[in-house]
Every structure is written in structure tokens, then in C-alpha cells.
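Asks: Anchor point for the sequence shown: position 81 equals 81 in the numbering used here, and the numbering is continuous, going up by one each time.
All C-beta atoms in this analysis are idealised placements derived from N, C-alpha and C, irrespective of residue type, glycine included.
Everything numeric in this text was worked out from a predicted model, so none of it was measured.
My structure is below; once you've seen it, I'll send some questions.
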Amino acid sequence: MERVYKRAIELFKAINEINDDIIIVTNAFFAYNLKNKVRKVNLYRKYLKSKHLLRNLKLNVIPDVFADEDEIPDELNNTFRYMINCKVNELDYLNLIKAICNQDVGIKPSIHHDVFFLNIRRGTIYHIYDDRGCDVISNSISGIKDIFLKYNDWILNYDRESINKTFDEVF
Numbered sequence: 001m002e003r004v005y006k007r008a009i010e011l012f013k014a015i016n017e018i019n020d021d022i023i024i025v026t027n028a029f030f031a032y033n034l035k036n037k038v039r040k041v042n043l044y045r046k047y048l049k050s051k052h053l054l055r056n057l058k059l060n061v062i063p064d065v066f067a068d069e070d071e072i073p074d075e076l077n078n079t080f081r082y083m084i085n086c087k088v089n090e091l092d093y094l095n096l097i098k099a100i101c102n103q104d105v106g107i108k109p110s111i112h113h114d115v116f117f118l119n120i121r122r123g124t125i126y127h128i129y130d131d132r133g134c135d136v137i138s139n140s141i142s143g144i145k146d147i148f149l150k151y152n153d154w155i156l157n158y159d160r161e162s163i164n165k166t167f168d169e170v171f
């Protein structure tokens, strides 16, 4: 897990500078525990250095995205999307990233929600899906070209061909 943490944190730092504005987006699914629906996701309280930022927490409830057009959406399948704006230096990203990586391996603390880091300046999205890897997405290929070159050997083999094709157009 130390290698997982090291890589996830190194990629986060490669994408985000300490004074960058970011938006943290968390998709939470509470069907397994209905009473939690109304509570704010605790991860923000734990990992934000400035608690006053919690006043800016936004919540959107997204109806069951898996329902067919002719079905009535099931409330148990709603997605609770929490969003908060902050600067990288206002976030305990080291421990937050470790907790995200821990979600499937039984190590505490762990976060069992989808967490996305949107960098406004760079136009990037960073999403760690678990201890197996992450996605780095950009609104322009040039925005992540340096990351692609520096960390190319970290690309998973089953993704390598499609990712290489994307960047072949640039080089």
C-alpha cells in the first residue's frame, strides 16, 4: 500500500500546485443506510484544514441514473453529489488520498464514495477509483502531456493502447 499511496500522491502533486483552486466532488450512495442521506459527508470535515469552508458545501440529489425511461426511479438508487471549493493548501490531501486508496483493502480510515478533484486552472479531473489505479482527465491533451511522458510506465497495460493513441496525435 505504501507504493499505492506514493504513486497516487505523486500524481496529485504533478497535477495540482499548492495554491490552485480545486473543486472536490463526491458521489455518495446511501441505499445501504438510509438515515445517512440527510447527513453531510463527513470526509470534508475530516480533511479540510479550514472548517469555515464547510459553509460552502453544496449538495445535489441525482435521481436513479440506472432506471429505464419507462420506470419510476428508485429513491434507494439516488446519487448524493457533494461539492466544495477550496485551495489545495486548505486540504489534507495526503490523508484523504490514502483513505480513498484504502476503500477495498480493509485499512482504516477508508472512503467508500467516488471522489473527484477538479483543477480549475489546469482543466483536469483526478479520480482515484481504489488501490488499483486512478484516472487523469483533461480538457486538452497538452494539459497532461508532461504527466503522460513522465509517468508513462505507470499506465495499466489494458489501457495503454487507447491512451497511447490519444497522445500519438499530439507527438
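How long is the line joining the alpha carbons of P73 and I62, rounded to whole angstroms?
Replies: Roughly 10 Å separates the two Cα atoms.
Asks: Distance, Cα to Cα, N16 vs D70?
Replies: For N16 and D70, the distance between alpha carbons rounds to 43 Å.
Asks: Which same chain residues, not among the five before or five after C101, have their C-beta less than 8 Å away from its C-beta?
Replies: So the qualifying residues of the chain are M1, V4, Y5, A8, I128, D130, D131.
Asks: Considering just the uninterrupted stretch of the alpha helix (DSSP H) at Y93, what are its terminal residues?
Replies: Looking at the DSSP string, the run of the alpha helix (DSSP H) that includes Y93 is 93 to 101.
Asks: By a C-beta neighbour count over all protein chains shown, 10 Å radius and 16 as the cutoff for buried, is N119 buried or exposed?
Replies: With 16 or more other Cβ atoms within 10 Å, it is buried.
Asks: Across which residues does DSSP place D114 in a beta bridge pair?
Replies: BP columns for D114 point to N27.
Asks: Looking at the secondary structure, which residues open and close the beta strand (DSSP E) in which V61 lies?
Replies: Unbroken beta strand (DSSP E) run through V61: 58 to 62.
Asks: Give me whichever residues DSSP pairs with L48 in a beta bridge.
Replies: DSSP lists L91 as partners of L48.
Asks: Rounded to whole angstroms, what is the Cα-Cα separation between L53 and Y82?
Replies: Roughly 13 Å separates the two Cα atoms.
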